[in-house]
Amino acid sequence: MDQDDSDSDGYLSEDASCSYNGETESENHLKVQNKEIHLELAQKMKRLNGLKAKVMRS
1480 MDQDDSDSDG
1490 YLSEDASCSY
1500 NGETESENHL
1510 KVQNKEIHLE
1520 LAQKMKRLNG
1530 LKAKVMRS
């Protein structure tokens, strides 16, 4: 087995400051924004379906 020159033991760090460990602030912001967009879309779809039903009754 070939040995590389790095000091790594092959395990990921548990240090929260590592960029690959957990979500970044921008990822968290995007998740919140995504939830808000989905909520807004659901509300608009509900309103649209109500308007469609109203048109069908007339």
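Whatever position you read off the sequence shown (first residue = 1), add 1479 for this note's numbering.
All C-beta atoms, glycine included, are put in the ideal place defined by N, C-alpha and C.
For residue j and residue i, the rounded distance between their alpha carbons
i       : j       : result
Asn1507 : Leu1518 : 17 Å
Gly1489 : Glu1502 : 21 Å
Glu1504 : Lys1514 : 16 Å
Gly1529 : Lys1523 : 10 Å
Ser1537 : Arg1526 : 17 Å
Lys1531 : Ala1521 : 15 Å
Val1511 : Lys1533 : 33 Å
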